[in-house]
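Written out below as structure tokens is the structure these notes cover.
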Amino acid sequence: MKKAVLLFLVLNGVLSFAQKKYVAVIHGGAGTILKKNMTPELEEQYKEKLKEALTQAYKHYKNGKSSIEAVEAAIMVMEDSPLFNAGKGAVFTNNGRNELDASIMFGKNKNAGAVAGVTTVKNPIKAAIAVMQQSEHVMMVGKGAEQFAKSKGLEIVPSSYFWTQQRWDALQKVKKKELNANEPNAMNLNYPSYYWVDQKFGTVGCVALDKDGNITAGTSTGGMTNKKYGRVGDSPIIGAGTYADANVGISGTGWGEFFIRATAARTVAAKYEYHNKDIKTAAQEVIDEIGAMGGDGGIIALDKNGNVAMPFNTEGMYRGTVTESGEIEVQMYR
Ligand code: ASP
């Protein structure tokens with residue numbers, strides 16, 4: 000009998016060791032992220048920023064703060080870095096502007112907030128949270144969203160704050176290819192402009208679980224290089240780029256039009272809830288569906304038990320996790 004108890008305890012210990020409980024997962028975008036295109040210095044910079052974002056999320060978890068605050072803190076680290084296509088490092092539109100999108104969803108009560116096409120809000124994730132917590136609306140766009148953010152005391156910057164050489168050069172490169180579209184080795188116009196640029200994508204996202212068991216998901220982006228006519232992608236659309244309920248939280252990155260058409264984030268949650276799929280299977284199936292439709296990208300997802308999924312069908316995805324005990328892991332390649 001004693002032996003059986005001992006065996007049970009040992010097995011239990013081994014199992015709980017094997018099944019880590021994750022409390023936050025982040026992404027910094029999916030795309031052509033290949034070791035051969037990366038310098039060791041740049042690789043280090045990405046890893047450090049991802050770790051910093053996870054450290055922030057963990058700090059809030061440990062202090063018993065809500066997952067909303069953990070997501071906000073992690074995303075702000077990445078928005079303030081020029082490395083990612085969100086906040087400071089946002090890509091340019093066709094007419095040389097930076098138009099930013101962000102969204103957040105709190106799973107417990109399915110409250111949500113989003114902004115799209117903002118050009119002067121330093122941290123769009125904060126504006127999305129303000130829409131969620133301080134307005135009767137879910138989504139605000141353009142000038143109105145900026146006016147609202149200002150009225151709530153959020154930091155407003157001149158639009159030139161978002162100008163970076165690297166993103167400007169990327170736009171020029173795409174425009175040149177577009178002009179020369181009829182030349183023999185021109186890029187395929189059926190593909191979105193981000194395919195044409197040898198650059199790293201970097202929409203950012205975070206899903207976090209707090210000590211009360213509540214899940215929050217958030218996403219922030221500059222969209223896609225050379226986007227036109229007020230184009231808005233999946234990132235600020237609840238159910239497409241971001242979703243959270245009492246069971247799971249999801250944030251996506253990739254070719255936004257496909258994520259919208261696949262209602263990607265909501266579909267992961269639906270598979271989990273209605274089809275009893277585990278989070279890895281649910282997220283993978285949605286990425287496979289997007290792939291079959293002709294799109295690409297990646298998804299991060301976290302369930303109420305601390306299980307995590309990070310599938311993608313691109314060459315790489317900046318991503319990372321932190322466990323209940325503060326163990327941080329970051330990855331970039333396949
Ligand atoms: N999903 C974003 C968009 O379509 C872009 C990205 O994640 O790279 O706006």
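In numbering that gives the first Met the number 0, the protein residues as written are 0 to 333. Think of the CB as a built atom: it goes at the ideal place given N, C-alpha and C, for glycine as much as any other residue.
- If you check the CB distance, isoleucine 289 and phenylalanine 258 come in under 8 Å.
- Minimum Cα-Cα distance from glycine 240 among the listed residues Arg333, Val206, Asn213, Lys210 corresponds to Val206.
- The beta-carbon separation of threonine 215 and alanine 243, rounded to 6 Å, stays under the 8 Å limit for a contact.
- Straight across, the Cα-Cα distance linking methionine 331 with glycine 204 is about 15 Å.
- In the structure shown, phenylalanine 83 falls within a coil segment according to DSSP collapsed to helix, strand and coil.
- The Cβ atoms of alanine 101 and alanine 56 do not sit closer than 8 Å to each other.
- Distance from the C-beta of methionine 138 to the nearest heavy atom of ligand 1 is not below 7 Å.
- Secondary structure remark: continuous beta strand (DSSP E) runs of at least 3 residues inside the region 107-187, in chain order: 110-117, 138-140.
- Boundaries of the beta strand (DSSP E) harbouring glutamate 328: 327-332, taken from the DSSP string.
- Beta-bridge pairing by DSSP links isoleucine 103 to Gly112, Gly217.
- Listed in chain order, the beta strand (DSSP E) elements of length 3 or more contained wholly in the region 213-276 are 214-220, 241-243, 247-253.
- Taking 8 Å as the cut-off, the beta carbon of serine 158 is found no closer than this to the beta carbon of phenylalanine 147.
- Note: glycine 319 is bridge-paired with Ile25, Val329 in the DSSP secondary-structure output.
- Approximately 6 Å separates the beta-carbon atoms of glycine 297 and glycine 253; this is inside 8 Å, confirming the contact.
- Residue pairing by DSSP places glycine 293 in no beta bridge whatsoever.
- Cβ contact annotation for glycine 116 (same chain, cutoff 8 Å, sequence separation greater than five): Glu98, Leu99, Asp100, Val140, Gly141, Ala144, Gly229, Val231, in chain order.
- In the structure shown, the three-state DSSP call for aspartate 302 is strand.
- Per DSSP, reduced to three states, the secondary structure at threonine 92 is strand.
- Annotation: the continuous beta strand (DSSP E) that includes leucine 208 extends over 203-208.
- For a cut-off of 8 Å, the C-beta gap from alanine 52 to valine 76 is around 4 Å, short enough to register as a contact.
- In the DSSP assignment, glutamate 98 falls outside any alpha helix (DSSP H) and carries neither an H nor an E.
- A contact between stretches requires three or more CB pairs, one per stretch, nearer than 8 Å, and the region 119-128 meets this requirement with the region 62-77.
- A direct Cα-Cα distance of roughly 15 Å separates glycine 293 from alanine 29.
- In summary, alanine 291 is exposed, with fewer than 16 beta-carbon neighbours lying within 10 Å of its beta-carbon over all protein chains present.
- Assignment of beta-bridge partners to alanine 308 by DSSP yields Ala300.
- Serine 66: member of the alpha helix (DSSP H) spanning 66-78, first to last residue.
- Nearest C-alpha to lysine 227 among Thr92, Lys58, Lys48: Thr92.
- Note on geometry: alpha-carbon atoms of asparagine 312 and aspartate 211 lie some 33 Å from one another.
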